[in-house]
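Data first, discussion second: the structure below is written as structure tokens.
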Amino acid sequence: MIHISRYGRRLKTTMLSTMTAACLTCVIIIPFVEKKVFGNEVGYYSIEINGQEIGAVNSRVEAEEALADARMKFSQEYDSVVYMDNSINIVEKSKLASKRMTKEDLTDSIYSSLFSCVTDREDLAAYTVRIDDFTVTLASKDEVIELMEKVIGKYDTQNEFQVKLSSGEDVSYGAYSVDMVQSELRNTATDIVAAAIDGASTVTASDGTSNRDGITDIEFEQNVVVNETLAQGANIMSVEAAYEEITKEKAEKTYYVVEEGDTLYGIASKCSLKLSELLELNEGTDENDIIRPGDRFVVTVPKSEISVVITERKTYEEEYEADIEYVDDDTAYVGTYTVQSEGEPGYHKVTADITYVNGNKTEVKYINEEIIKPAVAKVVASGTITPPTYIRPLSGGSISSEYGYRWGTLHKGVDWYVGIGTPVKAAASGTVLRAGFYSSYGNCVDIRHSDGSMTRYAHLNSVAVSAGQTVSQGDLIAYSGNTGYSTGPHLHFEIWIGGATVNPLNYVNR
381 MIHISRYGRR
391 LKTTMLSTMT
401 AACLTCVIII
411 PFVEKKVFGN
421 EVGYYSIEIN
431 GQEIGAVNSR
441 VEAEEALADA
451 RMKFSQEYDS
461 VVYMDNSINI
471 VEKSKLASKR
481 MTKEDLTDSI
491 YSSLFSCVTD
501 REDLAAYTVR
511 IDDFTVTLAS
521 KDEVIELMEK
531 VIGKYDTQNE
541 FQVKLSSGED
551 VSYGAYSVDM
561 VQSELRNTAT
571 DIVAAAIDGA
581 STVTASDGTS
591 NRDGITDIEF
601 EQNVVVNETL
611 AQGANIMSVE
621 AAYEEITKEK
631 AEKTYYVVEE
641 GDTLYGIASK
651 CSLKLSELLE
661 LNEGTDENDI
671 IRPGDRFVVT
681 VPKSEISVVI
691 TERKTYEEEY
701 EADIEYVDDD
711 TAYVGTYTVQ
721 SEGEPGYHKV
731 TADITYVNGN
741 KTEVKYINEE
751 IIKPAVAKVV
761 ASGTITPPTY
771 IRPLSGGSIS
781 SEYGYRWGTL
791 HKGVDWYVGI
801 GTPVKAAASG
811 TVLRAGFYSS
821 YGNCVDIRHS
831 DGSMTRYAHL
841 NSVAVSAGQT
851 VSQGDLIAYS
861 GNTGYSTGPH
871 LHFEIWIGGA
881 TVNPLNYVNR
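By my numbering, the letter at position 409 of the sequence shown is numbered 789, and the numbering carries on one by one without gaps.
Below, the structure is given as structure tokens:
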């Protein structure tokens, strides 16, 4: 009995020691072995696609290599870019007990799973139409084409052209140019042969275009490009809304260049403005201002984001005018024009390419002309004489009376108020015609110049030249005074051109 009790106590002690050792092994030895075996803190690495575990390997390097190999193998199945809806993650796992794969097996498993992630590219892509710096975005290429055809359809009423989106070397990947192509072949083998004009034939048309009337070309004035973009987050518009945005006309400031015969009222009317609006746009301009060809005025014109440029071939009959024929006139100044004979309009039949921008005619290019009735040119004489330069005939003084009508009669010159005895100079070189008292002019000097013009200096106190004397520009000819019909000391100065007086202030400084 004593022997059995001692054996029982020994057995109990052994069991306790064994259990304690086992616990220590679980707590200490196994984690140590795990680190030694796997070289890290986790048990394995799992590949998950869209949250589903595909397989596992012992190291991250193996997982990354398997993923790369699977993607490479998958991409070789497609000739172009594919769109995928997937989420691929490499996840660290801390379990020791799990089925591991070889890298090759994991590659195959990933490769097979990727096919289920392929999605239709149209589900992810939208299309942005860029018109210079303005953009609208539509849901599909078909809607882009519908939009562009709606834009040109306003002018291509016979649907002779269709819109196509083209990708090529001149545009980047994911970008398309907008091309207009004829709906059917309109060109024929018949060339346009010009009719004889005054015995000489124009050249045969060689631009390859048809001799039939109709639209020959449609394009946009702006640079229009279509770019693929991600639909997610894009401000996608309907075709109708996009059309409204790009065709809506807004007032845009521009310049109008004055042409012969223009008036301020006419310019305002041409630009759909009131005269008051035109004057407001051009600060400092008055409705009574004289305008000349070449002057520029700020105007506003309605302009949309996109402009359709159409070239249309037309054959029609019309009156026409011959170019003005200029002849030299050795008796008139340069810049002087005199009509010697009026021309007569002719009549011709023409084929012309007419360019319109948003329906407004901008250019006419004649392709063929058949003269029915020749036009007679207007003949205009152009002066060849270089006009003399005149200098101010005295120094100092102030204008007391200008050229023009006063008290019902024409004041034929300009008056400078100066003290008696102020030196008076010849305004230009010439020959003295008169030097002495002359009616209401009092003491007066007249000088004839080489171009036939004459200058007169009146109300002089005394003269310093005599008739027949030749003087040079700037020579002393007299002294100012108050003789004749005069209301006070001054110099009265006249310029005569072509037998009539002109405003001296148009030729000399004040």
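Positions of the beta carbon are idealized from the N, C-alpha and C atoms, including for glycine.
Pick out whichever of the options has its Cα sitting closest to the Cα of residue i.
i: Tyr424; options: Ala448, Ser455 and Lys479; result: Lys479
i: Ala450; options: Leu494, Glu433 and Asn469; result: Leu494
i: Gly726; options: Glu701, Gly776 and Ser866; result: Glu701
i: Val679; options: Thr789, Glu599 and Glu660; result: Glu660
i: Gln849; options: Ser866, Val825, Ser833 and Ala838; result: Val825
i: Ile771; options: Thr742, Leu856 and Ile468; result: Leu856
i: Ser721; options: Cys651, Ala732 and Val760; result: Val760
i: Val714; options: Pro767, Tyr706, Asn662 and Val737; result: Pro767
i: Ser833; options: Leu610, Val689, Thr811 and Glu625; result: Thr811
i: Met481; options: Asp513, Val441, Ser496 and Gly435; result: Gly435
i: Ile734; options: Gly763, Tyr696, Ala712 and His728; result: Tyr696
i: Gly646; options: Lys628, Ile468, Glu667 and Val531; result: Glu667
i: Leu756; options: Gly723, Asn738 and Thr742; result: This sequence places Val at residue 756; Leu is not what is there. Ranking the options by Cα distance to Val756, first place goes to Gly723.
i: Asp642; options: Ile671, Asn615 and Lys630; result: Ile671
i: Glu640; options: Met452, Gly674 and Thr609; result: Gly674
i: Glu601; options: Gly739, Ser563 and Thr867; result: Gly739
i: Thr718; options: Lys758, Lys530, Gly594 and Asp593; result: Lys758
i: Ala880; options: Asp536, Lys792, Ile779 and Thr764; result: Lys792
i: Leu545; options: Ser830, Leu871, Leu527 and Arg440; result: Leu527
i: His872; options: Ile779, Val524, Asp708 and Lys453; result: Ile779
i: Val681; options: Ile690, Asp710 and Ser649; result: Ser649
i: Asp488; options: Glu523, Phe514, Glu445 and Thr537; result: Glu445
i: Thr764; options: Ser809, Asp710 and Glu749; result: Asp710
i: Asn889; options: Val794, Ser830 and Val543; result: Val794
i: Pro754; options: Glu433, Ser809 and Glu698; result: Glu698
i: Ser652; options: Glu663, Glu632, Thr665 and Asp669; result: Glu632
i: Leu869; options: Asn430, Ser852, Ser842 and Gln853; result: Leu is not the amino acid found at residue 869; the sequence shown has Pro there. The option with the nearest alpha carbon to Pro869 is Ser842.
i: Gly613; options: Ile595, Tyr636, Glu620 and Ala506; result: Ala506
Am I right that residue i and residue j are in contact with their C-beta atoms under 8 Å? What's the rounded C-beta distance?
i: Lys473; j: Val437; result: At roughly 11 Å, the Cβ-Cβ gap does not stay under 8 Å, so Lys473 and Val437 are not in contact.
i: Ser860; j: Leu840; result: 6 Å
i: Thr835; j: Glu874; result: 7 Å
i: Val604; j: Ile511; result: 5 Å
i: Ser426; j: Val471; result: 5 Å
i: Phe677; j: Leu658; result: 7 Å
i: Gly905; j: Tyr797; result: Given a span of 381 to 890 for the chain in the structure shown, any question on residue 905 remains unanswerable.
i: Tyr746; j: Val730; result: 6 Å
i: Arg814; j: Ala847; result: 6 Å
i: Met560; j: Ile598; result: 4 Å
i: Tyr837; j: Pro773; result: 6 Å
i: Phe514; j: Glu685; result: 5 Å
Just to confirm the assignment, what range does the alpha helix (DSSP H) spanning residue i have?
i: Gly533; result: Lys521 to Gly533
i: Ile626; result: Val619 to Thr627
i: Arg592; result: Per DSSP, Arg592 belongs to no alpha helix (DSSP H) and is neither H nor E.
i: Lys758; result: Where Lys758 is concerned, there is no enclosing alpha helix (DSSP H), given that its DSSP letter is neither H nor E.
i: Asp512; result: Unbroken run through Asp512: none, as it is neither H nor E.
i: Ile490; result: Lys483 to Leu494
Just reading off the beta strand (DSSP E) that residue i is part of, what are its end residues?
i: Ala880; result: Ala880 to Val882
i: Arg786; result: Gly784 to Arg786
i: Ala732; result: Gly726 to Val737
i: Glu701; result: Element bounds for Glu701: n/a, residue is neither H nor E.
i: Lys633; result: Lys630 to Val637
i: Thr885; result: Correcting the residue identity first, residue 885 is Leu in this sequence and not Thr. Leu885 -> no beta strand (DSSP E), and no H or E assigned at all.
Run through the DSSP bridge pairs and tell me what residue i is partnered with.
i: Asp597; result: Thr691
i: Asn469; result: Glu428
i: Asn607; result: Thr508 and Ala555
i: Ser778; result: Tyr797
i: Ala436; result: Ser426
i: Lys453; result: In DSSP, Lys453 forms no bridge with anything.
i: Ser360; result: Within the shown structure, residues of the chain are numbered from 381 to 890, placing residue 360 beyond reach of any answer.
i: Asn740; result: Val737
i: Thr789; result: Arg786
i: Ser563; result: DSSP lists no partner for Ser563.
i: Tyr717; result: Ser762
i: Thr517; result: Thr508 and Ile616
i: Lys745; result: Asp733
i: Ile752; result: According to DSSP, Ile752 bridges with nothing at all.
i: Leu871; result: Trp796
i: Tyr696; result: Val730
i: Ile877; result: Ala880
i: Asp709; result: Gly763
In chain order, each beta strand (DSSP E) run of at least 3 residues that lies wholly inside the segment 792-861: 794-797, 803-805, 810-817, 823-828, 834-843 and 856-860, all fully within the segment 792-861.
Within the segment 650-693, ranges of the alpha helix (DSSP H) (whole runs, at least 4 residues): 655-661
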